[in-house]
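Residue numbers (my numbering), protein chains in the order written: chain A, 1 to 416; chain B, 417 to 599.
First up is the structure itself, then whatever we jot down about it.
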Amino acid sequence: MKIILILLMLFGLSHANDATIEVIKKADSLPSLAVEDASISYDDTFKLQFFKALIADLNVISIFNVERFHRVTHYNATDVLVENIDMAYVLRYKMFEDDNGALNVEMKMLVEGKDVFSKNYKVSRRNIYMFIAHAIAYDINKFMGEPSVEWMKRKVIFSRIVGPKESEIVISDYSLSYQQVVVSGGFNVFPKWANNAQNAFYYTSLDSNVPTLKHLDLKTVKVKKIISSDGMMVCSDVSADSNTLLLTMAKNGQPDVYTYNLTTKKYKRETSYGGIDVNAQFMDKNKIIFISSRLGYPNVFSKDLKTNAVEQLVFYGKSNSACSSNGEYIVYKARESSNAFSKNTFNLHLISMKTDFIRRLTATGINEFPRFSKDGDAILFIKNYKEQSSIGIIRLNHNKNYLFPLKYGRVQSMDW
Amino acid sequence: MKSIVLSSVVTALLVLSGCSTKEPAVDTKEEVVKPVVVEKVKEVETEVVSNEDSMVDSSSNDSTTLSMSDIESQLPTIYFAFDKFDITPDMQERITSAAELGKTGAMDYKVKLEGNCDEWGSDEYNFALGLKRADAVKKAFVAEGIDGSRISMVSYGESNPVCSDKTQSCWSKNRRVDFKLLP
Chain A
1 MKIILILLML FGLSHANDAT IEVIKKADSL PSLAVEDASI SYDDTFKLQF FKALIADLNV
61 ISIFNVERFH RVTHYNATDV LVENIDMAYV LRYKMFEDDN GALNVEMKML VEGKDVFSKN
121 YKVSRRNIYM FIAHAIAYDI NKFMGEPSVE WMKRKVIFSR IVGPKESEIV ISDYSLSYQQ
181 VVVSGGFNVF PKWANNAQNA FYYTSLDSNV PTLKHLDLKT VKVKKIISSD GMMVCSDVSA
241 DSNTLLLTMA KNGQPDVYTY NLTTKKYKRE TSYGGIDVNA QFMDKNKIIF ISSRLGYPNV
301 FSKDLKTNAV EQLVFYGKSN SACSSNGEYI VYKARESSNA FSKNTFNLHL ISMKTDFIRR
361 LTATGINEFP RFSKDGDAIL FIKNYKEQSS IGIIRLNHNK NYLFPLKYGR VQSMDW
Chain B
417 MKSIVLSSVV TALLVLSGCS TKEPAVDTKE EVVKPVVVEK VKEVETEVVS NEDSMVDSSS
477 NDSTTLSMSD IESQLPTIYF AFDKFDITPD MQERITSAAE LGKTGAMDYK VKLEGNCDEW
537 GSDEYNFALG LKRADAVKKA FVAEGIDGSR ISMVSYGESN PVCSDKTQSC WSKNRRVDFK
597 LLP
């Protein structure tokens with residue numbers, strides 16, 4: 001009897017933190033938080049802009065029920081506003097411009113009128129205010145003892161199609177509020193950060209006769225050619241030590257996965273199936289996950305780089321043509337509709353390699369290009385729905401999706 | 417005691433069988449954080465080519481010699497089925513006629529095959545699918561007697577559509593391989 005009870009408890013515990021199981025919606029039980037604006041510089045439009053960015057970020061961290069009213073107060077007022085008396089938390093901030101034109105923000109969290117957490121922020125130009133909002137949300141999340149949302153402060157790089165064979169490569173924050181075009185003119189796709197510091201990136205240039213992988217250093221603004229291949233050239237992943245690239249190349253018109261050592265400048269063919277092998281990403285140093293058509297349709301496989309053993313990882317879905325992995329979890333894109341065209345829907349699904357559970361993460365439109373954050377806390381993806389292209393964030397442990405629509409163009413691929 | 421053990425086992429089996437469903441849980445909760453006005457991608461500009469440009473190269477002594485763009489305009493487009501890269505019999509006929517041109521009027525030029533896909537998916541797989549289409553045309557072209565060293569390939573995935581309507585006929589126009597000539 002005891003053994004059975006222990007087994008049952010062990011089963012329950014082993015599945016308690018399984019991200020493939022839909023978490024219980026706990027929105028109603030979240031503590032309330034109100035935001036009070038005590039800014040002394042800047043016009044009302046900018047004040048409201050910053051307030052909205054901060055509210056959006058506080059919503060994305062998903063640990064509060066955030067009050068959306070913009071209410072104004074004095075930074076040193078001893079009491080919270082009368083409307084906010086019942087709030088569990090009150091966040092008060094003050095924006096002001098210093099003599100150098102820099103944007104300064106002072107912030108404090110109040111619980112029952114007491115200051116429990118405070119911090120100051122500064123950026124040189126007011127047009128990058130959104131990074132202060134992200135930093136405040138990040139710090140509050142950390143103060144509340146929640147798992148890190150480090151990804152919030154990382155930069156996103158994406159390729160935007162603006163016309164036939166015409167694209168731009170853009171660096172942005174995760175919410176797309178800040179956007180800087182770094183490569184324009186021509187046809188450049190599949191940007192991929194070259195290192196963890198995000199100060200350089202790789203991309204595919206399709207402007208010359210042969211597709212070429214290029215490297216752009218953001219500090220020196222120098223572009224150098226890495227390697228070319230007739231037909232196809234994509235950098236799908238960069239190793240943790242930034243020294244090995246996973247490439248899709250097509251020697252003799254045959255798309256296969258290759259590893260490329262940046263020190264020795266030598267490449268090695270890792271797959272040799274006669275169909276399509278693409279989209280390789282490191283699972284660990286010696287194991288990759290990739291998409292292959294070896295079943296007659298695209299599906300997710302893994303390969304041990306030492307033993308060359310190939311294993312099918314996904315057994316659900318009709319056309320699983322993109323994937324990303326983090327630890328035991330795999331997120332992949334699958335075609336939902338049985339008919340190839342009518343209401344064609346591509347959704348993202350999450351599986352664990354330790355259980356049989358499948359969790360569908362999206363419900364409408366074409367959802368693709370999933371990418372786990374480095375800590376596995378969130379999934380970034382591209383959503384195309386009703387002629388609008390957006391970047392989406394899925395907070396796995398909070399069961400929430402957020403969409404950030406692009407103003408124009410279509411997101412072709414991205415990395416963060 | 418026996419019955420307790422039995423009922424526990426039954427409960428455990430029920431729990432385990434309940435968890436083994438392959439039906440995915442659906443998360444329909446999506447929050448648009450920052451709605452913005454949709455702006456369409458710029459219309460493709462059409463350039464009217466002047467008569468001078470489209471005339472036969474006047475520097476040539478042979479009045480029957482055609483310019484590269486003239487020959488290119490005679491080369492067919494090869495179309496494919498959804499998610500497929502095999503050549504159908506009617507497309508084979510087009511390749512045969514293109515190969516004839518490749519051996520005669522276009523024999524001094526190199527050929528670039530551009531693979532394209534419909535809009536379903538902007539990932540690497542689609543680029544590879546476009547390339548496999550170009551490669552299938554290359555193999556058929558070589559089988560028709562064209563020197564493989566004259567042929568280069570590129571894939572544009574779904575990024576080079578000729579039609580942007582949301583219809584089947586439009587998508588089928590985008591699943592194609594174009595012939596381009598290089599000097």
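Glycine included, each C-beta is placed from N, C-alpha and C at the ideal position.
Residue environment: Leu-206 of chain A is assigned as buried (16 or more neighbouring CB atoms within 10 Å of its CB, all protein chains considered). For Glu-509 of chain B, no Cβ of chain A is located within less than 8 Å of the residue's own Cβ. By the rule that beta-carbons nearer than 8 Å mark a contact, Val-570 of chain B touches chain A. For the stretch 491-538 of chain B, the full-length alpha helix (DSSP H) segments reaching 4 residues or more read 505-519 along the chain. Burial is judged here by how many other beta carbons sit within 10 angstroms of a residue's own beta carbon; Thr-244 of chain A has at least 16 and is buried. For Leu-110 of chain A, there are no C-beta contacts with chain B under 9 Å, since the nearest C-beta of that chain is about 25 Å from it. Of all residues in the stretch 539-550 of chain B, the ones placed with a Cβ closer than 8 Å to any Cβ belonging to chain A are Asp-539, Glu-540, Tyr-541, Asn-542, Phe-543, Ala-544, Leu-545, Leu-547, Lys-548, Ala-550, in chain order. If only complete runs of 3 or more residues are kept, the stretch 294-377 of chain A shows the beta strand (DSSP E) at 299-304, 310-312, 322-326, 329-335, 346-352, 358-360, 366-372, in order along the chain. With distances taken between CA atoms, His-70 of chain A lies nearest to A:Val-90 out of A:Val-60, A:Gly-186, A:Val-90. Contact between Trp-416 of chain A and Tyr-174 of chain A holds: CB atoms are separated by about 7 Å, below the 8 Å threshold. In this model, Glu-387 of chain A and Val-570 of chain B are separated by some 27 Å (Cα to Cα). Under DSSP, Leu-91 of chain A takes part in a beta bridge, and its partners are A:Val-35, A:Met-109.
In this structure, the alpha-carbon of Pro-31 of chain A lies about 47 Å from that of Asp-581 of chain B.
Between Ala-56 of chain A and Leu-350 of chain A, the CB-CB gap reaches or exceeds 8 Å. For Pro-577 of chain B, the chain A residues whose Cβ falls inside 9 Å of its Cβ are Pro-164, in order along the chain.
The beta-carbon of Leu-597 of chain B is placed no less than 8 Å from the nearest beta-carbon of chain A.
Excluding sequence positions up to five before and after Val-170 of chain A, its CB lies within less than 6 Å of the CB of Phe-158, Arg-160, Gln-179, Val-181, all in the same chain and listed in chain order. The straight-line gap separating the alpha-carbon atoms of Gly-163 of chain A and Glu-574 of chain B is approximately 11 Å. Not a single C-beta of chain B is nearer than 8 Å to the C-beta of Phe-301 of chain A. The CB of Lys-528 of chain B comes closer than 9 Å to the CB of Asn-209 in chain A, given here in chain order.
The distance from the Cβ of Asn-299 of chain A to that of Gln-312 of chain A is about 7 Å, consistent with a contact at the 8 Å cut-off. Interface with chain B (8 Å Cβ-Cβ cutoff): Leu-206 of chain A is included. Using a Cβ-Cβ cut-off of 7 Å, Met-232 of chain A is close to Phe-543, Ala-544, Leu-547, Ser-571 of chain B, given in chain order. Taking the Cα positions, Ala-135 of chain A is about 8 Å away from Met-152 of chain A. The alpha-carbon of Ser-118 of chain A is positioned some 5 Å away from that of Met-107 of chain A. Where Val-80 of chain A is concerned, there is no enclosing alpha helix (DSSP H), because DSSP gives it neither an H nor an E. Relative to Glu-97 of chain A, the option among A:Ala-88, A:Leu-81, A:Asn-76, A:Tyr-129 whose CA is nearest is A:Tyr-129.
Burial check for His-398 of chain A: the Cβ neighbour count within 10 Å reaches 16 or more, so the residue is buried. Distance from the CA atom of Ser-389 of chain A to the CA atom of Thr-520 of chain B, rounded to whole angstroms, is 46 Å.
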